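**Q** Mind having a look at this structure? Questions to follow.
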Amino acid sequence: MKRQNMRVTVEAIWSKEKIGFQPLELFLRGASVLYRFAIFLRNVFFEMGLFRKKKLPCKVISVGNITVGGTGKTPMVIYLADLLKAQGFHPAVLSRGYKGKTKAPVNIVSDGKRVLMKPEDCGDEPVLIAKSLPGIPVLTGPQRHLTGRVALEQLGADLLILDDAFQHRQLVREIDVVLLNTTKPFGNGALLPAGPLREPPSALKRAHFIVRTGDDAKITSVFSDQPEYPARHQAVALINGATGQASPLQNLRGRRVCAFAGIAKPEAFRRTLIDIGAQVVMFMPFPDHHNYSREDIREIQKMAMEEKTDIIVTTEKDGVKLNRFHMFLEKIDLLRIRMVFPDEEQAFVQSLMEKLKQS
Numbered sequence: 001m002k003r004q005n006m007r008v009t010v011e012a013i014w015s016k017e018k019i020g021f022q023p024l025e026l027f028l029r030g031a032s033v034l035y036r037f038a039i040f041l042r043n044v045f046f047e048m049g050l051f052r053k054k055k056l057p058c059k060v061i062s063v064g065n066i067t068v069g070g071t072g073k074t075p076m077v078i079y080l081a082d083l084l085k086a087q088g089f090h091p092a093v094l095s096r097g098y099k100g101k102t103k104a105p106v107n108i109v110s111d112g113k114r115v116l117m118k119p120e121d122c123g124d125e126p127v128l129i130a131k132s133l134p135g136i137p138v139l140t141g142p143q144r145h146l147t148g149r150v151a152l153e154q155l156g157a158d159l160l161i162l163d164d165a166f167q168h169r170q171l172v173r174e175i176d177v178v179l180l181n182t183t184k185p186f187g188n189g190a191l192l193p194a195g196p197l198r199e200p201p202s203a204l205k206r207a208h209f210i211v212r213t214g215d216d217a218k219i220t221s222v223f224s225d226q227p228e229y230p231a232r233h234q235a236v237a238l239i240n241g242a243t244g245q246a247s248p249l250q251n252l253r254g255r256r257v258c259a260f261a262g263i264a265k266p267e268a269f270r271r272t273l274i275d276i277g278a279q280v281v282m283f284m285p286f287p288d289h290h291n292y293s294r295e296d297i298r299e300i301q302k303m304a305m306e307e308k309t310d311i312i313v314t315t316e317k318d319g320v321k322l323n324r325f326h327m328f329l330e331k332i333d334l335l336r337i338r339m340v341f342p343d344e345e346q347a348f349v350q351s352l353m354e355k356l357k358q359s
């Protein structure tokens, strides 16, 4: 409980426009200065060649961001993998497997034919990616050149997509796609732990494509010499938790909904349900990558019953962590989200493919 309260306190500080002068804020500010210096040295050493990069015999695309969570990297990875498969490539997705218990250097989450690992072992996002991309291998491991070699030599891949790898500079890539939130791309402007920034905004000069996610139509360019494309996360279907059967979003309209989510920005999930037309009468946010317990499930069901809701809904990402609660999965639906480019998809795809050919 104390850890969760601290997380809430820190996130409240991140939401401020400026850091104040309370003891915790001053401590975070000092730690942020040290972090900035460490990041600066690391990047300088990579630029000078003191830290060596490894090159694999294939095209490599990285999807990442410069803030902690909430920009939609997973939907972007799924979008790119589907796109490149349609273009004739044989992609594989490499993830670090955040919060997975397995410590092996290489983990095959999916061989392209079936999902081989559980989310508690390899992480929830790799399993979600694997389930969303039949025919495309998904691997996890801290050293991407090792997982990449297995994908190339054993699983028939000829192109690699790195999930959440903008800061993983050890592997040479041809393309860096960086996602930014449209409304607040740099949070409060402070680096970790005083703010959500993993790197200073100047790091975006390494990016080849900047994708701005969100609903705000007003997009201000970050760097005028880099292509930027507006995109958004769009709900496309309801998925039955037990059968995987899809149903139209219209099934949510006018219905009393109990919703819960353990993602970086759960409020965005709640707003999406409301925009679809659902009456969200009960909403329970959990920390990102939350490991659900039986007590959590009982509480969700109790609240849904007390509020006399018609349906219980969560995200697909949360759904992969509920596999051990089979009876609960039968009672819920999962909201499927996909990345869409409402205005400039053709231009983005053309630029991406041209960049691949040039590299």
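Take 1 as the starting number for the sequence shown in this note's numbering and just add one per residue. Glycine residues also receive a C-beta, built at the ideal position from the N, C-alpha and C atoms. Note that this is a predicted model, so its numbers are computed, not measured.
1. In whole angstroms, give me the CA-to-CA distance for Lys357 and Lys118.
2. Decide if the segment 158 to 169 is in contact with the segment 46 to 62; the criterion is three or more beta carbon pairs, one per stretch, under 8 Å apart.
3. Any contact between the segment 251 to 260 and the segment 303 to 310? By contact I mean 3 or more CB pairs, one from each, below 8 Å.
4. Helix, strand or coil for Thr74? Go by DSSP, reduced to three states.
5. Kindly indicate the opening and closing residues of the beta strand (DSSP E) around Met303.
6. Considering only C-alpha positions, which residue in the set Ala194, Tyr98 and His233 is nearest to Thr182?
7. Taking only three categories from DSSP, how would you classify Ile136?
8. Have a look at Asp333, Glu345 and Leu352 and flag the residue whose alpha-carbon is nearest the alpha-carbon of Gly244.
9. Would you call the CB atoms of Pro227 and Ser359 closer than 7 Å?
10. Report the CB separation of Ala151 from Leu94 in whole angstroms; it is logged as a contact under 8 Å.
11. Apply the 10 Å Cβ neighbour rule to Ala259 and answer buried if 16 or more other Cβ atoms are within range, or exposed otherwise.
12. For Pro285, which residues does DSSP report across the bridge?
13. Check each candidate in Glu125, His290, Pro126 and Thr272 and name the one with the smallest Cα separation from Gly214.
14. For Met339, which of helix, strand or coil comes out of DSSP?
15. Please identify the residue among Glu354, Ile337 and Pro342 whose C-alpha is closest to the C-alpha of Ala246.
16. Report the option in Leu180, Ala235, Ala104 and Ala31 whose CA atom is closest to the CA atom of Phe209.
17. Could you give the residue range of the beta strand (DSSP E) that holds Gln234?
18. Quick one: is Gly141 buried, meaning 16 or more other Cβ sit within 10 Å of its Cβ, or exposed?
19. Using a threshold of 7 Å, state whether the C-beta atoms of Gly100 and Gly135 are closer than that.
20. Just the C-alpha distance for Tyr79 and Cys58, rounded to the nearest angstrom, thanks.
21. Could you pull out every residue in the same chain whose Cβ sits closer than 6 Å to the Cβ of Leu28, ignoring the five residues on either side in sequence?
22. Give the single residue among Ala347, Asp343 and Ala304 whose Cα lies nearest to the Cα of Met284.
23. Beta-carbon separation of Arg335 and Ala207 under 7 Å?
24. Is it right to say Lys317 is buried, meaning 16 or more other beta carbons lie within 10 angstroms of its own, or is it exposed?
25. To the nearest angstrom, how far is the alpha carbon of Phe286 from that of Glu345?
26. Thinking just about the alpha-carbon of each residue, which of Leu128, Arg52, Tyr98 and Lys16 is nearest to the one in Ile319?
27. What residue ranges within the segment 16 to 73 form continuous beta strand (DSSP E) runs of no fewer than 3 residues, ordered along the chain?
28. Rounded to whole angstroms, what's the CA-CA distance from Val138 to Pro23? Just pull it up for me.
29. What residue does the alpha helix (DSSP H) around Pro119 start on, and which one ends it?
30. Work out the CA separation of Leu191 and Ala81 for me, nearest whole Å.
31. Out of curiosity, what's the CA-to-CA distance linking Ala217 and Glu47?
32. Would you give the residue range spanned by the alpha helix (DSSP H) that Asp392 belongs to?
33. Can you tell me the Cβ-Cβ gap for Arg169 and Lys53, rounded? I've got them flagged as a contact below 8 Å.
34. Is it true that the CB of Ala261 sits closer than 7 Å to the CB of Asp288?
35. State the CB to CB distance for the pair Glu25 and Ile13, rounded to an integer number of angstroms; the pair is presumed to be in contact (CB under 8 Å).
**A** On the basis of the data shown:
1. 36 Å
2. yes
3. yes
4. helix
5. Element bounds for Met303: not the beta strand (DSSP E) but the alpha helix (DSSP H), Arg294 to Glu306.
6. His233
7. coil
8. Asp333
9. no
10. 7 Å
11. buried
12. Ala261
13. Thr272
14. strand
15. Ile337
16. Leu180
17. Glu228 to Asn240
18. buried
19. no
20. 20 Å
21. Pro193 and Ala194
22. Ala304
23. Looking at the sequence provided, one finds Leu at residue 335 rather than Arg. No.
24. buried
25. 33 Å
26. At residue 319 the sequence reads Gly, which differs from the Ile that was named. The option with the nearest alpha carbon to Gly319 is Leu128.
27. 59 to 65
28. 44 Å
29. Pro119 to Cys122
30. 31 Å
31. Low confidence applies here, because Ala217 scores a pLDDT of 44, under 50, leaving its location unreliable and the question unanswered by this model.
32. The structure shown does not extend to residue 392, since the chain is modelled only from 1 to 359, so the question has no answer here.
33. 7 Å
34. no
35. 6 Å
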